[in-house]
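Data first, discussion second: the structure below is written as structure tokens.
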Ligand SMILES: NC(=O)c1ccc[n+]([C@@H]2O[C@H](COP(=O)([O-])OP(=O)(O)OC[C@H]3O[C@@H](n4cnc5c(N)ncnc54)[C@H](OP(=O)(O)O)[C@@H]3O)[C@@H](O)[C@H]2O)c1
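Residue numbers (this note's numbering): 2 to 264.
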């Protein structure tokens, strides 16, 4: 299948590793020009080199910016230029005991997980609408639908991002622009692997043991394993392509079946 991405220009927020990198690699493999992002210049440069080596001939570059800082996002937007495809992937997550989470931490979740997408979409959607074609793809989470009690700042920020994507789609009426969400399930990304490793060390258990316990702790999962970042990326790349033109405003699941509702 030709996903018709040749020559399209894409920006993927938070793409030095994990799901964002997998989405960027998938877009590049389909012929799109890709701009990577992360907080740190050296890590962004390393990811650009890794992707250029993995996809020979790929047009890939990078822009460092911390989405927790509005000024840094402003500076990034001044350098980015127009894109055909915006992937709102960047996100922070972690266990959080509600009564112990201070305002500043809530603010960080909202800045990175929600306001990143607000600021990028506000700057880039208008150009897509004026040119008559574009794709905004959010990397969402089942935690935004079934909010975990021990990850409230994460789940609430992802719920708000779901609402943002659905509302933004209403601004695209009658155009070739779409706004969609990939509703991802538990995925063995670099970030999750690192966090699980740290928790395992703190608890004095093996990382594999904790990984198995986490899978067992999600009995509704139909796949009964962590997903691979590429499994989220495949759906995101399809949604970023012209072939997904009938899907707009929707949150499409790549959750391994953890959500149990009919729709
Ligand atoms: N993993 C899961 O189980 C899962 C499930 C559903 C949805 N998701 C969603 O998928 C997205 C990616 O998650 P992941 O698991 O792939 O994460 P990850 O492995 O931790 O990767 C996060 C990426 O974001 C970048 N990043 C983090 N904070 C940033 C900031 N403030 N500014 C700019 N870049 C930043 C990191 O780059 P640097 O460290 O180089 O700055 C890294 O490239 C998130 O939106 C998450 O909610 C994840």
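Cβ atoms here follow ideal geometry from the backbone N, Cα and C, with glycine treated the same way.
Span of the beta strand (DSSP E), counted from its first residue to its last, around residue i
i           : result
residue 65  : 61-65
residue 223 : That residue, residue 223, is in no beta strand (DSSP E); it is neither H nor E in DSSP.
residue 39  : 34-39
residue 89  : 86-89
residue 184 : 177-185
Proximity to residue i [Cα-Cα], best of the options
i           : options           : result
residue 264 : 52, 74, 16, 146   : 146
residue 58  : 35, 208, 218, 255 : 35
residue 96  : 144, 81, 120      : 144
residue 223 : 51, 249, 156, 186 : 186
residue 192 : 94, 77, 65, 53    : 94
residue 241 : 137, 209, 200     : 137
residue 81  : 11, 197, 152      : 11
residue 73  : 88, 112, 258      : 112
residue 314 : 206, 84, 199, 25  : The structure shown does not extend to residue 314, since the chain is modelled only from 2 to 264, so the question has no answer here.
Spatial distance of residue i from residue j (CA atoms)
i           : j           : result
residue 3   : residue 61  : 20 angstroms
residue 14  : residue 103 : 26 angstroms
residue 217 : residue 228 : 14 angstroms
residue 226 : residue 255 : 13 angstroms
residue 140 : residue 20  : 8 angstroms
residue 326 : residue 203 : The structure shown does not extend to residue 326, since the chain is modelled only from 2 to 264, so the question has no answer here.
residue 142 : residue 161 : 11 angstroms
residue 247 : residue 167 : 15 angstroms
residue 107 : residue 116 : 12 angstroms
residue 170 : residue 50  : 34 angstroms
residue 98  : residue 155 : 12 angstroms
residue 173 : residue 238 : 20 angstroms
residue 127 : residue 63  : 22 angstroms
residue 262 : residue 79  : 42 angstroms
residue 134 : residue 29  : 19 angstroms
residue 47  : residue 17  : 8 angstroms
residue 243 : residue 100 : 45 angstroms
Delimiting residues of the alpha helix (DSSP H) encompassing residue i
i           : result
residue 51  : 42-55
residue 77  : 71-81
residue 166 : 153-170
- [ ] Only counting runs of 3 or more residues, tell me where the beta strand (DSSP E) segments fall wholly within the segment 104-149, in order along the chain.
- [x] 134-142
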